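Shown next, in structure tokens, is the structure this report addresses.
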Amino acid sequence: MSERKYLFTERAHLMCPNMGFGIALTVKHPYDETEIKETIEILSGAHPFLNSLLGYEKDKNAYYYDITDSSKVELNLTGMEISGIEAPEIISEYDRIMSRDFDLFNEGMLKVSAWKSGNETVFLLALHHLLADGRGALMLSRQLASCYAEGIKPDPADVTLIRSKKDLPANSEMPFSSRFFTERANKNWKKENRILTYEEYHKLADEFLKTDRVKHNLSETGPAELALLMDQCKNHGVTINDFLMAKLLTEEGAASAVVASDLRDKLTCVNKGSLGNFATAFSVSIKNKSDDIWEVSKELHKRILKKINTPSELCLVLQCYAMLEPGLLDASFVSAKGLYDSKAGEFVGKYYFHYDKPHGYSITNLGKATCDSIGSAYFIPPASPAGIKILGVLTMNGRMRICSGER
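Numbering follows my numbering, with no gaps: position 128 of the sequence shown is 140.
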């Protein structure tokens, strides 16, 4: 039996609904169901997590990736002809998949749907956050395209995960005040002496998702317009991400938003080419109420740089995941929603993660990517129950597409 990969910081994504996201892409190769199935088998041979279900050790209250000897990817080969990357059928399919909670003891962490589109094939990859973060999903999408269109097989990549606080960047420990409240919450949870089972959570999550509706919208910026925007950002000394964040906050009249950030270059435990979750997130706020979006962008640029270069702020949420009692982390969402009786869980769910009601704004930008086998693509961001509006940004082959999720 291979070494078990236990959930550590990933556990935050286990008992919280809407911890899924997607990548839609067109591949420059005609629709062929046999070849699609073969491609998925090849990808599953390279990535153990595509063969994984969820495992549980009751005596330790520990969850792990139960890696089996066969692919657990769910395929929906529609055989239908659609218009391409803009087709409404893609979002409709994503909404169908995410309308219920993944039952991870019995189904895999990736669901793939495929359609015809002229001489191309359209794919939707719908992933649970336990499988990968956005960067990992983008890597998997490019591998799928290259394998399906050109027969290029990905190299096998065993998974190494964040296993303890020692794996997190140096000087990223939580501030004293945060540690104090977290330790107190842990003590209160131990006094309650409760365990929320996955089966209990799963029933509650399905009920929640019946009324939790997220509306998606898609926009596109072509090469000429994108080049102009890049020049403007360069002239003002900001990034496109700064500009998009400033635009979001200005339009929504919000004072802060959450930024997702990749940690791969700051972690020593990452095995190049593997799936897994190596992202963090942090909040940035603005004081500038100017109508000049470039002035707001400049303020955000400074604040984001400061966060990224301050390990304790960059990794605050991961350190929080690592320090909280695992069972308390499990109970935080359902307790904040009043679906489960735990004062400690309610405190953490409300005041740490704001699960009690949607209030926040966030952006996840997967950056710029190229792939000869991909015609076009976009990223559907995870819609955390804490979010009002979430933007997913992907620039593929010179075209930037933004998919928003809004409650």
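Backbone N, C-alpha and C fix where the C-beta goes; we use that ideal spot for every residue, glycine too. Computed from a prediction, not measured in an experiment: that's the story for all the values here.
Contacts around residue i, its chain only, beta-carbon distance under 8 Å, and the 5 residues preceding and following it disregarded
i	result
Glu53	Ser83
Leu260	Ala266, Ala269, Tyr373, Ile375, Lys401 and Leu403
Asp81	Asn63
Ala398	Phe365, His366, Tyr367, Pro370, His371 and Gly372
His25	Met31, His140, His141, Leu142 and Asn289
Assigned secondary structure, residue i (DSSP; H/G/I helix, E/B strand, else coil)
i	result
Val226	coil
Gly130	coil
Leu180	coil
Glu185	coil
Leu173	coil
Ile103	helix
Tyr76	strand
Asn247	helix
Tyr390	strand
Leu143	coil
Ala24	helix
Leu312	helix
Val124	strand
Ser231	strand
Lys202	helix
Ser396	coil
Beta-carbon proximity list for residue i, same chain, < 6 Å, skipping 5 on both sides
i	result
Val282	Arg276 and Phe290
His140	Gly32, Phe114 and Met121
Lys177	Ala334
Lys123	Glu86, Ile109 and Ala138
Pro278	One point to set straight first is that residue 278 is Lys, not Pro, in the sequence displayed. Answer for Lys278: Pro181, listed in chain order.
Asn377	Asn253 and Val405
Ala272	Ala291, Ala293 and Thr376
Asp274	Arg147 and Ala291
Beta strand (DSSP E) segment containing residue i, residue limits
i	result
Arg411	Arg411 to Glu418
Asn377	Gly372 to Ala381
Thr407	Gly399 to Met408
Glu93	Glu86 to Glu93
Phe33	Gly32 to Val39
Ser347	From DSSP, Ser347 is part of no beta strand (DSSP E) but of the alpha helix (DSSP H) over Pro338 to Ala348.
Asp81	Asp81 -> no beta strand (DSSP E), and no H or E assigned at all.
Asp274	Ser268 to Asp274
Bridge-paired residues (DSSP) for residue i
i	result
Lys301	According to DSSP, Lys301 bridges with nothing at all.
Leu326	DSSP, once it has assigned bridges, lists no residue as partnering Leu326.
Ser64	Ile79
Ala236	DSSP lists no partner for Ala236.
Boundaries (first-last residue) of the alpha helix (DSSP H) holding residue i
i	result
Leu221	Tyr210 to Leu221
Gly443	As shown, the chain starts at 13 and ends at 419. That puts residue 443 outside it, with no answer to give.
Thr280	That residue, Thr280, is in no alpha helix (DSSP H); it is neither H nor E in DSSP.
Ile252	Ile252 to Glu264
Same chain, Cβ closer than 7 Å to residue i, neighbours up to 5 away in sequence not counted
i	result
Val171	Lys17, Pro60, Phe61, Asn283, Ser286, Leu287 and Gly288
Val250	Ser309, Lys310 and His313
Pro100	none
Asp78	Ser64, Leu65, Leu66 and Gly67
Counting pairs of beta carbons, one from the region 200-218 and one from the region 355-369, are three or more of them closer than 8 Å? yes
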